[in-house]
Each structure stands twice: as C-alpha cells, then as structure tokens.
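Going down the list, the sequences are from chains F and X. So in this note's numbering, spot 13 of the first sequence is number 13, and the numbers just go up one at a time. So in this note's numbering, spot 236 of the second sequence is number 236, and the numbers just go up one at a time. Ideal Cβ placement from N, Cα and C applies to all residues, glycine included. Because the structure is a prediction, the values reported are computed rather than measured.
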Amino acid sequence: MIKDGKNRFSRLIQPVFVGMIYLFLYLPIIVMVLFSFNKSRISVRWEGFSLYWYQKLFQTPEILDALRVSLVVAFFATVLSVVIGTLFVVASVWKKSDYMSWIFYGNILLPEIVMAIGILSIFTFFQIPLGYLSLITGHTIIGLGFVIPVVRARFVELDPILTEASLDLGATYGQTFRKVLFPLLLPSIVASSLLVFTLSLDDFMIAFFCSGPKIQTLSVYVYSMIKGGVDPTINAISAIFLALSSLLILILSYLKVLDLVVSNE
Amino acid sequence: MKTLRKIFSEEIAFVFSCPALLWECIFLYLPLLVLALYSCFEFSAQTNSWVFTLHYYRQVFHSLYFRVILNSLKLAFTATLICFTIAYPVAYFLAIKVQKRFRTFLLFSLILPSWTSLVVQIYAWFFLLEQDGLVSRTLHWIGLIPKSMHLLNNYFSIMVGLVSCFLPFMILPIYVILDKMDPRLLEASADLGADKIETFKRIIFPLSLPGVYTGFLLVFVPVFGEFAIPSLLGGSTYVVWGSLIVDKFLRARDWPFGSALAIIGIMLFVLIILSCVAIRNLVKRLRGVN
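So this is what it looks like as structure tokens:
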C-alpha cells in the first residue's frame with residue numbers, strides 16, 4: 001500500500017512540475033491581457049469591463065505611426081530576405097549542399113546587439129542616414145538566418161525523381177523549375193516569410209539602435225512607454241501584439257515548420 | 001542535385017549565391033571590422049592623421065567595465081543553467097511521458113509566449129511584479145513579504161524575466177532530440193537489465209547532449225547580449241555588458257570606447273563558444289574510447 005502511494009506521488013510530481021512551468025510562462029501574459037479590458041485608470045484594481053484603452057490606442061497618432069513603420073519594415077525585410085535567401089539555397093544545392101553555409105553561422109552565433117551596433121556603425125561610417133533603410137537591412141540579416149535553413153531543409157528532402165520525371169516527360173529545364181521545383185518549395189518559402197515577418201515585427205534590439213531620430217517601431221515605442229511606468233494602454237498594445245503573434249504561429253504550426261527550424265539550428 | 005545542374009549553369013549558380021553572401025559580408029562582417037578599427041585608431045590633431053592606439057582597451061581592462069563584462073557572463077551562465085535545470089524535465093515529460101495526441105498542443109502552447117515581442121513579455125512581468133501588482137499584493141496578503149518589499153528592480157526580477165523569456169529555446173531542442181530517439185533503445189536497455197536511472201544515465205542523457213548544446217547556445221547567446229530585461233526589470237541596480245554598449249553608443253557617444261567594449265565582449269564570447277565546442281569534441285572522443 002505504501003509503495004502504491006509512493007508510486008502515485010512520483011507519477012504526479014512530473015505533471016505538476018510541468019504544469020507549474022506552463023503557469024510560470026502564461027500567468028504574466030494572461031494577467032496583462034485581462035487588465036487591458038479594465039475600466040480603472042489605476043491599472044491594478046479591477047473595476048469592470050471596458051474597451052476604453054483600445055479606443056484610446058487607435059486615437060493616438062504616435063502608436064499608429066509606429067505600427068505603420070513596423071509593418072513597412074517587416075514587409076520589405078521579409079521580401080528581401082526570402083528572395084535572396086532562396087536564391088542562395090538554389091545556388092548552394094547546385095554546388096553540393098554545404099557550400100558557404102558557414103558564413104551564416106554568424107547570424108546565430110553573434111548576439112543581436114552586436115549586429116545592431118555593427119549596422120549602426122557601418123551606416124554612420126558611410127554617412128547614410130538611419131531610418132527605414134537601416135532597419136530593413138538589419139532585419140534582412142536576421143531573416144536570412146532563418147530563411148536559409150528552412151528552405152534548404154525542404155530542398156534537400158525533395159525527391160530527385162520528380163524533376164527527372166518532369167524532364168523525361170518533355171518539359172524544358174525552365175518549365176521544370178517553374179512547374180515542379182518552385183511549387184514544391186513554396187510551402188517552405190511561405191513558412192519562412194511568416195517567420196521573418198513575425199521576427200521583424202517583434203524585434204526590439206535592432207530597432208532600438210538603428211531606427212534613428214525620425215522614426216520608431218512599435219516595440220521601441222512600447223519600450224519607452226514602459227520606462228514611464230505602468231499604463232493600461234501598454235496592456236492593450238501588448239494584447240494586440242500577442243494576438244498577432246499567436247495568429248502567425250498558428251499558421252506556422254499548421255505548416256509544420258517549427259520543428260524544422262529547431263532541428264536545423 | 002543532378003537535374004539542377006542541367007537547369008542552371010555554374011555562372012548562374014554563382015550569381016544566385018552572390019546577393020545573400022554580399023549582404024552578409026557587408027552588413028554583418030564588415031561592420032565588425034569597422035568596430036575593430038574604431039576601437040584602436042585615434043585621430044590625432046597634431047599630425048592630422050589616424051594613429052594606432054590601445055588606449056581604449058587599456059581603459060576597459062583598468063576599470064570597473066571589465067568586471068561588468070564578467071558579471072554579465074556570469075548572469076548569462078546562471079540564467080542558462082537555471083533554464084537547463086527546468087527545461088530538461090519538461091522536455092523529457094513532453095517527449096516521452098505525454099501521449100502523442102496531446103503533444104502538438106502542449107508544444108504549440110509552449111512556443112506561443114516566446115514568439116510575441118520580447119518587450120511585451122517584459123512588460124507582462126513588470127506589470128505583475130510592480131509594487132501594486134498582483135504578485136506583490138498576493139504575497140503580502142498571505143503574509144509572506146512585508147508591504148514595503150520590492151519585487152522589482154533586483155537580481156531576482158532580472159532572473160525571472162530572463163528565464164521566462166528564454167526557457168522555451170532550451171526546451172525545444174532537447175525535446176526534438178528526445179522525441180527522435182528510438183524507443184527500442186530503451187527497451188533493449190531494460191531487457192539487458194538496466195533500471196530506469198541507469199537507462200537515463202547511460203542511454204537517454206548522452207544521446208540528448210546535442211540538443212543540450214543547441215539549447216545552451218540558443219539561450220546563452222541572446223541572454224549575454226540582452227539589455228532590455230536588465231534595464232526594465234532591474235532598474236538601474238544592475239549594469240550589464242549590453243547596457244554599457246547602449247550607454248556608450250547612444251548616450252555618451254563615445255564610440256571608440258564602446259567599440260573596444262564590444263570587441264572584448266565578442267572575443268570573450270567566441271572563446272567560450274570555442275571552448276564549448278572543444279569540450280563537446282573531448283566528450284565525444286572519450287565516449288568513443290569507451
């Protein structure tokens with residue numbers, strides 16, 4: 001009997017531990033989102049449901065400007081890194097799959113702050129003003145570190161018989177690329193686009209160093225607001241941020257790309 | 001790929017690889033060179049030219065700054081260790097104990113919080129831990145802490161922030177490795193008479209080491225460079241390498257000194273990574289001998 005009790009205890013201890021870790025990860029986020037619907041100005045006392053802070057959010061021009069900057073930067077960084085990343089993968093598979101891939105280790109092995117001051121210093125060195133250009137450049141670097149492993153993993157998996165069959169059936173090389181290879185690569189391209197878009201939206205470090213005096217991204221705006229203390233408007237922005245990321249990650253997990261990223265790093 | 005070789009010529013393949021390679025070199029590696037130059041050349045007004053100097057490096061080593069770098073290495077190491085201690089049981093549980101149909105959901109919900117902006121996650125803790133926040137008030141209400149006690153702006157709050165933000169990056173790679181492990185190995189080990197602890201020590205843990213190394217890198221690297229968490233959750237109490245760099249580059253505008261700080265940090269950092277790789281190879285070789 002005693003042994004049975006001990007068994008039950010040891011069987012319970014693991015799920016309880018894991019549950020506590022999940023609580024640890026989720027509690028802050030849940031509380032924060034909950035209080036974004038709080039009526040009270042003093043943000044820690046619950047006084048009833050209201051959408052006031054969301055309303056206020058959309059009436060603050062600085063927030064909308066910051067959001068626009070974030071979206072524009074994320075869009076261009078995504079397009080750029082996906083296009084040149086995919087081209088590189090095609091070339092590297094052509095040359096045997098490990099060609100020059102060590103050059104991208106830097107994206108993973110260097111702390112982001114080093115990339116950030118690097119871009120800051122090179123733009124200043126050549127006297128190019130900071131702004132959209134430096135932000136997009138930096139986010140493209142981050143993006144490349146993700147696009148290349150994801151697309152390559154897919155490329156290497158492809159069955160060479162498919163392209164051979166296409167050629168045997170009379171397709172030209174160009175047609176084979178357009179009608180066979182590219183559609184097969186498309187899921188990984190879409191997935192890495194979403195990945196880079198999310199990363200760019202969420203990024204703080206590069207944005208903090210390289211946005212220059214004229215523009216700011218949403219995450220930098222939020223950072224400067226937090227410096228001023230608790231404000232329910234930040235809860236509302238954060239809740240929207242969270243909703244956006246959740247949506248993107250939902251799509252990503254549907255495309256089954258996450259384990260691909262993890263196993264390749 | 002043979003077909004690919006027919007579709008493209010060597011020249012086209014070379015051209016394709018150029019944009020990404022150039023982008024990397026110009027915006028990632030060239031800047032490192034620029035930083036290195038900034039850090040060891042000084043403009044001398046007398047001769048009207050750039051003069052080589054190690055003045056800034058000496059300044060870093062002779063002051064409190066070097067201790068700050070060591071401190072943030074220690075902070076990153078501690079955070080990584082805590083992450084590992086928590087992450088391993090969680091990854092083990094998810095990969096081996098949980099039924100397959102719950103796994104995807106649990107994994108998904110694990111990744112979710114870490115994919116939102118870091119700033120948002122920090123704010124969530126800020127909101128929870130501040131003096132009027134939920135945690136402080138609950139603990140006070142239970143009677144665990146006095147009313148005047150601050151949970152924010154100390155070492156504890158920094159660590160909580162670091163661990164909660166980077167924990168998933170330790171869990172995932174370990175999970176991936178454990179999940180891929182052939183269950184027949186465990187059966188074989190049990191058949192050969194090993195108990196659970198023995199199996200874990202001699203089969204599961206050694207096989208999961210690649211995941212542990214990856215997790216170590218994925219946590220240690222960003223935590224070492226992190227400054228938003230120490231500056232928002234730690235207030236001004238705890239200075240780290242990252243916040244020194246922010247200070248020198250954006251506020252004091254002392255670029256040469258900032259560059260020297262950055263270069264020394266990177267060098268230490270590369271040294272650590274290399275020694276990790278060396279340790280890994282050593283472990284591999286030792287096991288090969290056995």
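Sequence-distant residues of the same chain with beta carbon closer than 6 Å to residue i, five excluded per side
i	result
F37 of chain F	F49
S188 of chain F	V150, V151 and R154
N264 of chain F	Model confidence at N264 of chain F stands at a pLDDT of 46, short of 50, so the residue's coordinates are unreliable and nothing is read from them.
K39 of chain F	E47, G48 and S50
L248 of chain F	L194 and T198
L133 of chain F	none
A76 of chain X	F220, V223 and F224
Y56 of chain X	S39, P256, F257 and A260
E10 of chain X	none
L80 of chain F	T140
Alpha helix (DSSP H) segment containing residue i, residue limits
i	result
W53 of chain F	Y52 to F58
W23 of chain X	E10 to E24
Y65 of chain X	L64 to Y92
S166 of chain F	P160 to D168
I204 of chain X	That residue, I204 of chain X, is in no alpha helix (DSSP H); it is neither H nor E in DSSP.
T116 of chain X	Neither: T116 of chain X is in no alpha helix (DSSP H) and is coded neither H nor E.
M225 of chain F	L218 to K227
Beta-carbon proximity list for residue i, same chain, < 7 Å, skipping 5 on both sides
i	result
V119 of chain X	A228
T137 of chain F	I119
T176 of chain F	T163, S166 and L167
H140 of chain X	K147
L151 of chain X	L129, V135, S136 and S157
I171 of chain X	A87, V90, A91 and L110
Exposure label - residue i; buried when at least 16 CB within 10 Å
i	result
Q216 of chain F	buried
R101 of chain X	exposed
L250 of chain F	exposed
H139 of chain F	buried
T47 of chain X	exposed
V51 of chain X	exposed
P256 of chain X	buried
T163 of chain F	buried
Q127 of chain F	exposed
I26 of chain X	exposed
F93 of chain X	buried
L274 of chain X	exposed
W53 of chain F	buried
Q55 of chain F	exposed
W102 of chain F	exposed
Y155 of chain X	exposed
K180 of chain X	exposed
L157 of chain F	Looking at the sequence itself, residue 157 of chain F is Glu, so the reference to Leu does not match. That one is exposed.
E226 of chain X	buried
V270 of chain X	exposed
F127 of chain X	buried
M205 of chain F	buried
Y175 of chain X	buried
Neighbourhood of residue i by C-beta distance below 8 Å, restricted to the same chain and skipping five residues each side
i	result
E198 of chain X	S189
I2 of chain F	Here the model assigns I2 of chain F a pLDDT of 47, short of 50, so the residue's position is not dependable and the matter cannot be decided.
L199 of chain F	H139, I142, G143 and F146
L64 of chain F	F58
G174 of chain F	none
Proximal chain X residues relative to residue i, where beta-carbon distance stays under 8 Å
i	result
T198 of chain F	W115
F241 of chain F	T116, S117 and V120
Y54 of chain F	Within 8 Å Cβ-Cβ: nothing; Y54 of chain F doesn't reach chain X, min ~16 Å.
G85 of chain F	A20
Where the beta strand (DSSP E) through residue i begins and ends
i	result
W50 of chain X	S49 to F52
E42 of chain X	F41 to S44
Neighbouring residues, chain X, relative to residue i (Cβ below 7 Å)
i	result
G19 of chain F	Per Cβ cutoff of 7 Å: no residues; G19 of chain F is ~10 Å from chain X at best.
V266 of chain F	Residue 266 of chain F lies beyond the residue range present for chain F, which begins at 1 and ends at 265; the question has no answer from this structure.
K95 of chain F	A13
I234 of chain F	Y123
Amino acids of chain F, ordered along the chain, whose beta-carbon sits closer than 8 Å to that of residue i
i	result
F14 of chain X	A91
L21 of chain X	F88, M100 and I103
E187 of chain X	The contacting residues do not exist; E187 of chain X stays about 20 Å from chain F at best.
Contact set between residue i and chain X, taken where Cβ atoms lie within less than 9 Å
i	result
I215 of chain F	Ordered by position in chain X, no residue passes the 9 Å Cβ test against I215 of chain F, which lies about 16 Å from the chain.
Under 7 Å by beta carbon: chain F residues contacting residue i
i	result
F224 of chain X	P111
W125 of chain X	P28
E130 of chain X	V230
Alpha helix (DSSP H) runs contained entirely in the stretch 128-161 of chain X, provided each spans 4 or more residues: Fully enclosed alpha helix (DSSP H) runs of 4 or longer: 134-142.
List in chain order: all unbroken alpha helix (DSSP H) runs of 4+ residues lying wholly within the stretch 86-135 of chain F. Complete alpha helix (DSSP H) runs here, min 4: 105-109 and 112-125.
What alpha helix (DSSP H) runs, 4 residues minimum, are completely inside the stretch 135-215 of chain F? Listed in chain order, the complete alpha helix (DSSP H) runs (minimum 4 residues) inside the stretch 135-215 of chain F are 160-168, 173-176, 182-202 and 205-210.
4 or more residues per run - each alpha helix (DSSP H) lying fully within the stretch 243-290 of chain X: The qualifying runs are 255-289.
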